[in-house]
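If you read the sequence shown in our numbering, its first letter stands for residue 4, the second for the next number, and so on.
Each residue gets a CB set at the ideal place from its N, CA and C atoms; glycine is no exception.
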Amino acid sequence: MVPERDRTILAACAIMTFIAVAPSLARDTRPIAIIPQPVSVIAQSGTFTLTADTVIQTDRATADLGRRLARYLEPATGFTLRVQAGPASSGRRITLAIDPRLRRLAPEGYTLDVAARRIVVRAPEPAGIFYGIQTLRQLLPPEIFREARVAGVPWTLPAVKIEDMPRFAWRGMHLDVGRHFMPKEFIKKYLDLLALHKLNTFHWHLTEDQGWRIEIRKYPKLTEVGAWRKQTIVGRQGDKPEAATYDGIRHGGYYTQDDVREIVAYARDRFITIVPEIEMPGHALAAIASYPALGVDGTPAEVATRWGVFDNILNADDSTIAFMQDVLTEVMGLFPGRFIHIGGDEAAKARWKANPRVQARIAALGLKDEDALQSWFIRQMDGFLASKGRRLIGWDEILQGGLAPGAAVMSWQGVTGGIAAARQGHDVVMAPTSHTYFDYYQARPAAAEPLAIGGYLPIETVYAFEPVPADLEPQYAAHVLGAQGQIWTEYIGTPKQAEYMAFPRACALAEVVWTPAASRNLADFLARLDVHARRLAILDVNFRPPQVTSPVATPR
Ligand code: ACM
């Protein structure tokens, strides 16, 4: 499966790392291979061996996490570990303790101390305990990720002292379910994988030209009509989509509000916040097909069957603003997170320019042009969300015509939009095509890869990403909340293909957003990834074996 030259590189890296840590791991020959790399890992001598009588000791705030840890460990080991609140037992134990003295760590930080008879995870908040548990899982043999009993594996962890906390608060992965619907069970798997990599934000791109994927009770046609397209373009879309082949197969699906509640709860249990995205005023053709009065000229339209940027755009009537605010009201009722994403990208203005009613609206509002109308539109959403205690985030085009006061910006067209927004005092999330578009090819030659949208983004480029641009003045750096990887699904029709594009690049991104910049080391990462790949394989993740083409630096 792994091309021979890649195997050689990875094996060489693994040996180098092993030599680097071997003296202090005399009694455990497995290299420590945690992704993302913690802030500090100090290997000790000795091991802890998990046995059927190991007790998980919790306090009140960690009892649920203790049960979760027991559930993580049970399938492969066959041990049903006792979870006990309160005082220590004398046998081997794993202690999960909230420790307010650790406030010096970020809220999601933790310490993990593995000694011969005792493992202790401490954190100032439950989220840190959860991340300590993720690290603990990665200290065990990869077989711990099996969902059935594995015989003959000693369940040992190397003795180690770890201190850890994330670099950024927004550690995200995005998934477009508009172009291709992805089933609920896959969303849960994706969330599990995010959690394993200490990613804490799932940007769920729920509406598109090609499909509206979330039930809105007040407007049932959004899913009755908008969740379905009659067919899909086949292969790469060229310049003449009207001459292309279409598959003739109806495609669609949506999440009921109960599905959404289930997924939100699943995410919350994994310390993941979901940021739902409802696209406006562009990329809204499925909504316009459902309710033609939302469009500029009210004429019937169809849910899109091909890709690209369409002329169709929402009008700016009061009724349309109210409609979209009604949608956001239901969305806010489902998603408890602070941020609501309103899209804002690639809104083609031609129909606004050509339509007398829209021009009259621009004049009546005293606005300069169509960019100003877009800005006005977004401000209606910003004020509405802010009045409900939420914050708007949108793609960097929301800067055009002036940014709404409370808006945060997701910078995708490079980092310049993010820099401009940060300088104006707005929070930003870095998501540039150059380093975070995981729908781009990850290996060459492209012809040997499954069809993708284009571009080229190998794992080492992801790994080299610096979310705080060098030319952003230090006083604005705190406005960079973090970064995230994008999975746009025009050419990604199935969960397996989504996994292929996401992994292992998401592993590299996890390290970008978690690990201190000074500790990042590509060769060391690739060596750890070699071990991590076994975990991913056991978890049935269809990752692409990394193909590293640029020279790999010698580990420190
Ligand atoms: C985007 O890729 N249009 C945000």
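- Rounded to the nearest angstrom, the gap between the Cα atoms of Gly336 and Arg364 is 31 Å.
- Distance between Val58 and Pro90, taken at the CA atoms: about 11 Å.
- Excluding sequence positions up to five before and after Thr518, its CB lies within less than 7 Å of the CB of Pro39, Gln40 and Arg170, all in the same chain and listed in chain order.
- As DSSP reads the structure, Phe313 sits in no beta bridge.
- Close CB contacts of Ala434 within its chain, under the 7 Å cut and outside five residues either way in sequence, are with Met413, Ser414, Trp415, Ala486, Gln487 and Gln489 (chain order).
- Using a Cβ-Cβ distance cut-off of 8 Å, the stretch 459 to 469 and the stretch 432 to 449 are in contact, since at least three pairs of beta carbons, one from each stretch, lie closer than that value.
- Contact between the stretch 330 to 347 and the stretch 258 to 273 is present: 3 or more CB-CB pairs across the two stretches fall below 8 Å.
- For Gly69, the three-state secondary structure derived from DSSP is helix.
- Counting only residues of its own chain and dropping the five nearest sequence neighbours on each side, His429 has a CB closer than 7 Å to the CB of Leu406, Ala410, Ala411, Val412 and His482.
- For the pair Phe313 and Ala350, the Cα-to-Cα distance works out to about 8 Å.
- In the assembly as shown, Lys233 is an exposed residue. Its beta-carbon has fewer than 16 other beta-carbons within 10 Å.
- Counting along the chain, Ile401 sits inside no alpha helix (DSSP H), nor does DSSP assign it H or E at all.
- Between ligand 1 and the CB of Asp348, the shortest heavy atom gap is smaller than 6 Å.
- Thr210 counts as buried, since at least 16 other C-beta atoms from the protein chains shown sit within 10 angstroms of its C-beta.
- One alpha carbon belongs to Pro472, the other to Leu512, and they sit about 16 Å apart.
- In this structure, Ala425 is the residue among Ala389, Gly392, Ser390 and Ala425 with its C-alpha nearest to the C-alpha of Leu402.
- Distance from the Cα of Thr65 is smallest, within the candidate group Leu99, Leu160 and Tyr258, for Leu99.
- Taking the Cα of Ala307 as reference, the smallest distance to any Cα among Thr276, His254 and Asn358 is reached at His254.
- In the three-state scheme derived from DSSP, where H, G and I count as helix and E and B as strand, Gln328 is classed as helix.
- Check the Cα spacing between Glu77 and each of Thr54, Gln60 and Asp67: the tightest is with Thr54.
- Put simply, the backbone Cα of Val228 is about 9 Å away from that of Tyr294.
- For the pair of segments examined, the stretch 453 to 466 was found to touch the stretch 490 to 506: the number of CB pairs separated by less than 8 Å reaches three.
- Here Arg106 has Pro127 as same chain residues with Cβ atoms under 7 Å from its own Cβ, once five neighbours each way along the sequence are excluded.
- Put simply, the stretch 493 to 509 touches the stretch 171 to 184. At least three CB pairs are less than 8 Å apart.
- Cβ atoms of His344 and His206 come within 8 Å of each other, at about 7 Å.
- Between ligand 1 and Trp310, a heavy atom-to-CB distance of less than 6 Å is absent.
- For Ala292, the enclosing alpha helix (DSSP H) begins and ends at Leu288 to Ser293.
- Annotation for Leu199: Gln137 place their beta carbon closer than 7 Å to its own, counting only its chain and skipping 5 residues before and after.
- Here Leu143 is not near Leu115, since their CB atoms are 7 Å or more apart.
- In the displayed model, Met185 falls within coil according to three-state DSSP, outside both helix and strand.
- Excluding residues up to 5 positions away in sequence, Asp9, Ile462, Pro507, Leu529 and Leu532 lie with their Cβ nearer than 7 Å to the Cβ of Pro549 in the same chain.
- Relative to the non-hydrogen atoms of ligand 1, the Cβ of Trp207 never comes closer than 6 Å to any of them.
- Contact check for Val299 and Asn358: beta-carbon distance about 5 Å, within the 8 Å limit, so the pair qualifies.
- At least one heavy atom of ligand 1 lies closer than 6 Å to the C-beta of Trp415.
- Counting other Cβ atoms within 10 Å of its Cβ, Ala119 stays below 16 and is therefore classed as exposed.
- The beta carbon of Phe326 is closer than 8 Å to those of Tyr222, Tyr294 and Leu297 in its chain, skipping five residues each way along the sequence.
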